[in-house]
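Since the structure comes first, as structure tokens, the remarks are kept for the end.
2 protein chains.
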Amino acid sequence: MTYCLAIKVDRGLVFASDSCTSAGVDYVTTYSKMHSFIWPEDRAIFILTSGNLATTQAVINNIRRHLDDPDADFDLRQARHMFEIAHYIGTLSQTEQRQHADAAKHANISIEASFIVGGQINGRPPEILLIYPQGNYISASPQTPFLQIGENKYGKPILDRMITGDTTLEDAARCALVSLDSTMRSNLSVGPPLEVAIYQKDGLDTPRRLKLTLSTPLFQALQTRWNEGLQHAFRELPRFDWE
Amino acid sequence: MTYCLAIKVDRGLVFASDSCTSAGVDYVTTYSKMHSFIWPEDRAIFILTSGNLATTQAVINNIRRHLDDPDADFDLRQARHMFEIAHYIGTLSQTEQRQHADAAKHANISIEASFIVGGQINGRPPEILLIYPQGNYISASPQTPFLQIGENKYGKPILDRMITGDTTLEDAARCALVSLDSTMRSNLSVGPPLEVAIYQKDGLDTPRRLKLTLSTPLFQALQTRWNEGLQHAFRELPRFDWE
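Line by line, the protein sequences give chains D and P. Mapping of the first sequence onto numbering that gives the first Met the number 0: position 147 corresponds to residue 146, and the numbering continues sequentially without gaps. Mapping of the second sequence onto numbering that gives the first Met the number 0: position 125 corresponds to residue 124, and the numbering continues sequentially without gaps.
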């Protein structure tokens, strides 16, 4: 399973992902699910992947192949709007899925995949979009300034409570880590290392990147403090009238 | 949608449920999903329901009918173990589902239902069990001393963090309310009033019951304090090294 999320605040974007990939409980492996494509001063594009690993790898491979092919009809550098990239990824995903649809149906295997794409193209605002397995896509809204793919429910309440447009990039990144931590505790198939990219609006440059394992002091401190904070908050809750 | 949960701690049991029932977004109604059957000094039995309302109502109706029928093969008073009651509820549920299976399949409607049953029979320890739509059932474990039905993921992280065997009944009830509150914020189809029953081990008597709406002062205070506590915990999280 997977859990990836992207947050859009006034100051920029945060992307975060786990790295656990499982084809059943007996074949659990570690793959990065965060892919970045940066052309300084021109565009910074981040892609998060969830779902069937063969499908997501094929999509990323095709994206790279088109960038190497001067005759490609479309590639990440040619896009003028972020939604064109979402459409492109959705088309690549659908094409790949169609190729293997009959065999997958026969084997009763899902080859579906979801993606989040985000970033900024010079002259345009930062954006994040979620691409469904069917190839269609949605963008985040001011009311819900985040998008999630994979095992998204355990980590949603903290995002619902904390994230608004004026959240700082650092607070958004901390919130993403808490959201990932809550998900890992409740679902064994979401696991480290955790990757975080922090993109500053109009930076159009390499973002801050973090890769955190369970033994990274920052992540350990975050887990401990959050747990202590929750325990404290819990002890402060009002008593029932008979207590 | 629904969210119900039961918690088993050393000192007894806590049951909690929302009351929102929806057949699509345009037919949202309020039904209690918590049913209690108390014979003081002998047994206290609580049933929480989730899933198709026709199926759950039929099951509860049959349970009541058997209690009124001196010739019934089995009823809640005859059970010597809680798992017998789980088996009985599972059988009633399956019988009801089978009656309407063809029509439901034809209409592409799910008539599945899940249940939590718990309580205590005199001379035996308190127990909680979850009954799947297929009629089979599981009990809670010391490592995971709670069971959930319905929209269970949003509210699970706080239970994972807070509930252990030695949690007090009042803390378990507060945790259930926080878990319900988090779920209501993240999923519009889970809604008030919230019902809570607190059963003290070996009480074999009427439990404490609470019914909370959004305007109940206790629930408002709990929401406010929890939100403040989370905001405080969030502000105390460690900084990144560049901050």
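Beta carbons are placed, not taken as given, at the ideal position from N, Cα and C, and that holds for glycine.
Contacts that F233(D) makes with chain P (C-beta to C-beta distance below 9 Å)
Neighbourhood of F233(D) in chain P, by CB distance below 9 Å: I157, R160, M161, D170, R173, C174, V177, W225 and G228, in chain order.
Buried or exposed for N135(P), going by 16 or more other Cβ atoms inside 10 Å?
Exposed, because fewer than 16 other Cβ atoms sit within 10 Å of the Cβ of N135(P).
Answer with yes or no whether the minimum CB distance from F239(D) to chain P is below 8 Å.
It does; some Cβ of chain P falls within 8 Å.
Is the region 208 to 216 of chain D touching the region 46 to 54 of chain D, taking contact as three or more C-beta pairs under 8 Å?
The region 208 to 216 of chain D is not in contact with the region 46 to 54 of chain D.
Determine whether the beta carbon atoms of C3(D) and I148(D) lie at a separation below 8 Å.
Yes.
Do you know how far the Cα of L187(P) is from the Cα of I162(D)?
If I take the Cα positions, the gap works out to 18 Å.
Of all the options D17(D), L12(D) and A100(D), which has the alpha carbon lying nearest to the alpha carbon of M33(D)?
If we check each option's Cα against that of M33(D), D17(D) comes out closest.
If we call anything under 8 Å between Cβ atoms a contact, is V195(D) one with E150(D)?
No; because the gap between Cβ atoms is not below 8 Å, this pair is not in contact.
Going by beta carbon distance, what residues of the same chain come within less than 6 Å of P191(D), once the five residues before and after it are set aside?
Counting only Cβ-Cβ distances below 6 Å, and skipping sequence neighbours, we find T212 and L213.
Are the CB atoms of L179(P) and L193(P) within a distance shorter than 8 Å?
Contact flag set, yes.
Of all Cβ atoms in chain D, is any one closer than 8 Å to the Cβ of K152(P)?
Output row for K152(P): interface = yes.
A220(D) and A15(D): beta carbons closer than 8 Å?
By the CB criterion at 8 Å, A220(D) and A15(D) fall outside the cutoff.
Residue burial classification, K210(P) (beta-carbon count within 10 angstroms, cutoff 16)
Exposed, by the Cβ-count rule.
Taking only beta-carbon positions, decide if E242(P) is within less than 8 Å of chain D.
Taking CB atoms only, E242(P) has a neighbour in chain D less than 8 Å away.
Please list, in chain order, all residues of the same chain as A303(P) whose beta carbon is under 6 Å from its beta carbon, the five residues on each side excluded.
The displayed coordinates of chain P run from 0 to 242. Any statement about residue 303(P) would go beyond what the structure contains.
Using only CA atoms, which one of F36(D), P39(D) and C19(D) lies nearest to Y30(D)?
Minimum Cα-Cα distance from Y30(D) among the listed residues F36(D), P39(D) and C19(D) corresponds to C19(D).
Give the residues from the region 179 to 194 of chain P that approach chain D closer than 7 Å (Cβ to any Cβ), ordered along the chain.
When C-beta distances to chain D are compared with 7 Å, the residues of the region 179 to 194 of chain P below that value are S181, R184 and S185, in chain order.
Would the beta-carbon of N121(P) fall within 8 Å of that of L203(P)?
The answer is yes: Cβ separation under 8 Å.
I62(P) - DSSP class collapsed to helix/strand/coil:
Correct three-state label for I62(P): helix.
Among S181(D), M0(D) and H80(D), whose alpha-carbon lies nearest the alpha-carbon of D159(P)?
Nearest of S181(D), M0(D) and H80(D) to D159(P), Cα basis: S181(D).
Between A5(P) and F145(P), is the Cβ-Cβ spacing less than 8 Å?
By the CB criterion at 8 Å, A5(P) and F145(P) fall inside the cutoff.
Taking only beta-carbon positions, decide if A15(D) is within less than 8 Å of chain P.
It does not: the Cβ of A15(D) has no partner Cβ on chain P nearer than 8 Å.
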